[in-house]
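Participant: Before I ask anything, let me first share the structure, which is written out below as structure tokens.
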Amino acid sequence: MQQLLKPATFLLIILIGYLLKRCGLFGPRDYRIMQVVVFDCTLPASILVSFATNPNSASLLWVTLFGFLAAFIPVPFVFLASRKRPVADRAFLMLNSSGYNIGNFCFPLLQAFYGGGAIVTGAMFDIGNCVMVAAGTNVLTQQLLHIQPGKTLAEQHAGSAPTLPYEKPKDRDAKRLARRALLRTIGKSFFGSVPFDTYLLMIVLTVANVKIPDWIASITQPLSGANALVSMLMVGMLMDLPQSKHDVKEVMAVIAWRIPF
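Quick note: the sequence shown uses this note's numbering, first residue 8, plus one each step.
This is the structure we're talking about:
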């Protein structure tokens, strides 16, 4: 019975976050504060504690490969299937039809149903998933749709039809600058993510068979324990109902792509 009540508790926390925003106690962009707390504090602590207190093996790297393929494969499929639609619609579908919210949403559920040991396997999946979520999906979408990096579609197509593709620079120096900007964006997306950096550190320690000291797990345990509450509250603060039929249609299209993959 207690196992069944835990998901209800998480849903209640999500509802509280949503209602607090609707009542004006949280501003529309206050979720950013929670984002910093989750992604820079509680989620890395949860990953660290799970690896420190549960057995792990380099053989789980196969799960990492599976996580990468699960997040990568939908993007080219959506690209091919949506080729007759406007660029903005294709970009929305490609960016939202792949990738998984493992650390923020699935970790609390995994821990509730299966215990802390399940987070190790979930984390290994999320390492591969993060390659796409942190930067891969965005870069792949930009390259396939010829979207200019660093500019919104509105800025890119100012004064022109929104379906026109971005023309890549042909000058050698301009190409070099574009490559540098792309690599800088990728590097910042990967290594500017504290959870991703924590994942990389855990992989190195796992492969080297180095055990994390117990005192580190003890110090970070309170932060790890707060991850479920803060994460679910942030999910509620991020929620919004569709505003129009077009929004509903776009959301349903994303769900229709996500379910089979």
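Just so you know, even glycine gets a beta-carbon here, dropped at the ideal spot from N, CA and C.
Straight-line CA distance for V127 to P115?
Facilitator: Numbered from its first residue, the sequence shown carries residue 127 at position 120. Numbered from its first residue, the sequence shown carries residue 115 at position 108. The C-alpha of P115 is placed about 13 Å away from the C-alpha of V127.
Participant: Going straight from the alpha carbon of I109 to that of C137, what length do you get?
Facilitator: For the purposes of this step, residue 109 is taken as residue 102 along the sequence shown, with counting starting at 1. For the purposes of this step, residue 137 is taken as residue 130 along the sequence shown, with counting starting at 1. So the two alpha carbons sit approximately 9 Å from each other.
Participant: Could you name the residues of the same chain whose beta carbon sits closer than 8 Å to that of L275, not counting the 5 residues immediately before and after it, in chain order?
Facilitator: A question about residue 275 goes unanswered here, because the residues of the chain that appear run from 8 up to 268.
Participant: Take A165 and list the residues in its own chain whose beta-carbon comes closer than 7 Å to its own, dropping the five residues that flank it on each side.
Facilitator: Residue mapping note: residue 165 aligns to position 158 of the sequence shown, counting from 1. Interpretation of A165 is limited by its pLDDT of 45, a score under 50 that renders its predicted location unreliable; the figure taken from the coordinates is listed afterwards. Within its own chain, no residue has a Cβ closer than 7 Å to the Cβ of A165 once the five positions on either side in sequence are excluded.
Participant: May I have the straight-line CA-CA distance separating L72 from F132, to the nearest angstrom?
Facilitator: Along the sequence shown, read from residue 1 onward, the residue named residue 72 stands at position 65. Along the sequence shown, read from residue 1 onward, the residue named residue 132 stands at position 125. Counting only the Cα atoms, F132 lies some 8 Å from L72.
Participant: Hey, V45 and N111: beta-carbon distance below 8 Å or not?
Facilitator: Stepping through the sequence shown from its first residue, residue 45 is reached at position 38. Stepping through the sequence shown from its first residue, residue 111 is reached at position 104. The beta carbons of V45 and N111 sit closer together than 8 Å.
Participant: Nearest to S238 by alpha carbon, out of T49, K28, F58 and L68?
Facilitator: Position 231 of the sequence shown, counted from the first residue, corresponds to residue 238. Among T49, K28, F58 and L68, the Cα nearest to that of S238 is on T49.
Participant: When you compare the CB positions of I219 and L212, do they come within less than 8 Å of one another, or not?
Facilitator: Here residue 219 corresponds to residue number 212 of the sequence shown, with the count starting at 1. Here residue 212 corresponds to residue number 205 of the sequence shown, with the count starting at 1. In this structure, L212 lies closer than 8 Å to I219 by Cβ.
Participant: Would you report the Cα separation of F120 and C113, rounded to the nearest angstrom?
Facilitator: Reading the sequence shown from its first residue, position 113 is the one you call residue 120. Reading the sequence shown from its first residue, position 106 is the one you call residue 113. Rounded to the nearest angstrom, the two C-alpha atoms are 11 Å apart.
Participant: Could you tell me the alpha carbon to alpha carbon distance between P277 and V255, rounded to whole angstroms?
Facilitator: Outside the displayed range of the chain (8 to 268) lies residue 277, so it cannot be described from this structure.
Participant: Exposed or buried, which one is G24 when buried takes at least 16 other CB atoms within 10 Å?
Facilitator: Along the sequence shown, one-based indexing puts residue 24 at 17. The residue is buried, with at least 16 neighbouring Cβ atoms inside 10 Å.
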